[in-house]
Every structure is written in structure tokens, then in C-alpha cells.
Amino acid sequence: MAKNAARTYADITKEIELLQKEAQDLRKKEVAEVVARINEAIAHYGLRPSDLKFGGQRPNVKAQVAGTAKKAPDKRKALAAKYRDDKGNAWTGRGPRPRWLRDALEQGKVLEDFAV
């Protein structure tokens, strides 16, 4: 254990560099072996890039992520106004009555007065 205590930062850094170089060399060797096996299998089975789906298209990762799908556009058309006042305010007859219509009805007007 005394041997490890005598090591310096520079010694450890140098060892890390050597190990990283060794790891890179091993990776290159392993990748070359894997590529050779893949090429051998491709030749054996007569595969083409299109068979392997290497057409240059990347899968749509965005669409695969949960919750990121876009909603379809709302295909409903705007409804025509069924009620309109002299000032141009309009209401389709759906949803709560707008303030301008409620005020007019409170003043004694009738809903049919505003029918389009």
C-alpha cells in the first residue's frame, strides 16, 4: 500500500493516458473485426443496403418519444353567428352568453331581437 501512496498526480495522469490509448487501439481492432464479420455475412446472404435499411434515412426519434406527437389540426369550421347587435358584436348561440347580450337582455330586449 505504501507503493500507491508514493504515486503522484503526474504518474496517475500518465497511466490514464496510456490506458486510454490502449482502449482506443483495442476498440479499433474490435470494430475492424466486427465490420469484417458483417461484410462476410452480407456477401454470404447477398444483402443490399436497402435490405439493411441503410438508405440514409434516420428513424424519426422525435415521433417515438412519448408525449411529443403533434395533435391533428382541428378540422371544424368556424360557426356562423346566430345573434348580432348593431355594434357588430356576434354570438354563435353556443357557450355562455356574452356580456353584451346579457346586458341587453337585462335592459328588456328579447333574444329574437338579435337573431340574424
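66 is the number that my numbering gives to position 49 of the sequence shown; each next residue is one higher, with no gaps. Each residue gets a CB set at the ideal place from its N, CA and C atoms; glycine is no exception.
Distance from K99 to G110 at the Cβ level is roughly 4 Å; contact confirmed, criterion being Cβ atoms closer than 8 Å. Scanning its chain for C-beta atoms nearer than 7 Å, with the 5 sequence neighbours on each side dropped, one finds around R101 the residues A107, F131, V133, in chain order.
In this structure, the straight-line span from the alpha carbon of E39 to that of Y26 is close to 20 Å. Secondary-structure assignment with DSSP links W108 through a beta bridge to Y100. The C-alpha of K94 is placed about 25 Å away from the C-alpha of D103. Here A121 is buried: its Cβ has 16 or more other Cβ atoms, across all protein chains shown, within 10 Å. Exposure of L96 is indicated by the presence of fewer than 16 other C-beta atoms within 10 angstroms of its C-beta. In this chain, T25 is not harboured by any alpha helix (DSSP H), its DSSP state being neither H nor E.
In this structure, DSSP gives A132 an extended state, which the three-state scheme calls strand.
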